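Participant:
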Amino acid sequence: MMVGSSPFCLNCYSQYKQLQHMDFAQNLAMLNIANQDFADVLGMPHLAKPVQIPPAPFHYNYNQSVTITDSTVGSVNLGTAKDIQVAIKTMEQNGEPGLGEALSGLLKAVVAAPDATSAQKNELLEQIEALTQQVNAKPEERKAGIIKPMFAALKEGAAAISGVAGAWTAVEPLLAGHLQLS
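Mapping of the sequence shown onto my numbering: position 51 corresponds to residue 53, and the numbering continues sequentially without gaps.
Quick look at the structure:
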């Protein structure tokens, strides 16, 4: 990411956006106070509604190491895992709690799989993230030409890792049904 002519990593850029939002929120609060003062001085009712201050952006932590039994296995992109968790929350809010729970179990199984390399975990996480985006898309906006090969690749990758295979068997029929795969 570039801010002006300075390159920022994703983590720093996220922090930068949070700081920008804090300044923006403070300016909106001051505008609301000025509007209230103006109405009080003139003795008139509010001529404008108070400006709603939007919620702060969520800060993500990217590329952290996962430690398992006192040894670092490797770097897993937890930013992708966080994006999947956000997509799962969206599913649950849209009336798909069973699918959300199953995908959450798959996510945990991938991150904790002791017999998978960091590269395998990251590849599976990226595939899960892409599929969750398609799950949350409107049915008419889904891309079947992308979903089917991605689904097959995820199925093959999950089957290759013993700790993930069980979680995949719970998710597979729910995903296939939701995405209308035959």
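Even for Gly, the Cβ is constructed at its ideal location relative to N, Cα and C.
All values derive from a computational prediction rather than experimental measurement.
Report the start-end ranges of each beta strand (DSSP E) in the stretch 83 to 142 that is 3 residues or longer and not cut off at the edges.
Facilitator: The stretch 83 to 142 contains no whole beta strand (DSSP E) run of 3 or more residues.
Participant: In this structure, how does DSSP classify MET4 when only helix, strand and coil are distinguished?
Facilitator: Within the sequence shown, residue 4 is the residue found at index 2, counting from 1. MET4 falls in the strand class under three-state DSSP.
Participant: Is PRO175 helix, strand or coil by DSSP?
Facilitator: Indexing the sequence shown from 1 puts residue 175 at position 173. Reduced to three states, the DSSP call for PRO175 is helix.
Participant: So, helix, strand or coil for LEU12, using DSSP?
Facilitator: Within the sequence shown, numbered from 1, the residue matching residue 12 stands at position 10. Of the three classes helix, strand and coil, the one that applies to LEU12 here is helix, per DSSP.
Participant: Return the first residue and the last residue of the alpha helix (DSSP H) that LEU156 is part of.
Facilitator: As a working mapping, residue 156 is identified with position 154 in the sequence shown. Run containing LEU156: 146 to 161, per the alpha helix (DSSP H) assignment.
Participant: Quick check: what's the CA-CA separation for LEU109 versus LYS140?
Facilitator: Translated into positions along the sequence shown, residue 109 becomes position 107. Translated into positions along the sequence shown, residue 140 becomes position 138. Between LEU109 and LYS140, the C-alpha separation is close to 23 Å.
Participant: Specify whether the stretch 99 to 108 and the stretch 162 to 176 touch according to this definition: at least 3 beta carbon pairs, one from each stretch, less than 8 Å apart.
Facilitator: Flag = yes, the stretch 99 to 108 and the stretch 162 to 176 touch.
Participant: Mind reading off the beta-carbon distance from LYS19 to PRO56? Whole number of angstroms is fine, and I expect it under 8 Å.
Facilitator: On the sequence shown, residue 19 is found 17 positions in, with the first residue counted as 1. On the sequence shown, residue 56 is found 54 positions in, with the first residue counted as 1. Actually they do not touch by this definition, with Cβ atoms about 12 Å apart.
Participant: Are there 16 or more other CB atoms within 10 angstroms of the CB of LYS145, so buried, or fewer, so exposed?
Facilitator: As a position in the sequence shown, residue 145 is number 143, starting the count at 1. By the 10 Å Cβ count, LYS145 comes out exposed.
Participant: According to DSSP, is LYS51 part of a helix, a strand, or is it coil?
Facilitator: On the sequence shown, residue 51 is found 49 positions in, with the first residue counted as 1. LYS51 falls in the coil class under three-state DSSP.
Participant: Within 10 angstroms of its Cβ, does LEU44 collect 16 or more other Cβ (buried), or is it exposed?
Facilitator: On the sequence shown, position 42 is the one that residue 44 refers to. When all chains shown are included, LEU44 counts as exposed.
Participant: Report the rounded CA-to-CA distance for PHE26 versus LEU33, giving the unit in angstroms.
Facilitator: Position 24 of the sequence shown, counted from the start, is the residue given in the question as residue 26. Position 31 of the sequence shown, counted from the start, is the residue given in the question as residue 33. Cα to Cα, PHE26 sits roughly 11 Å from LEU33.
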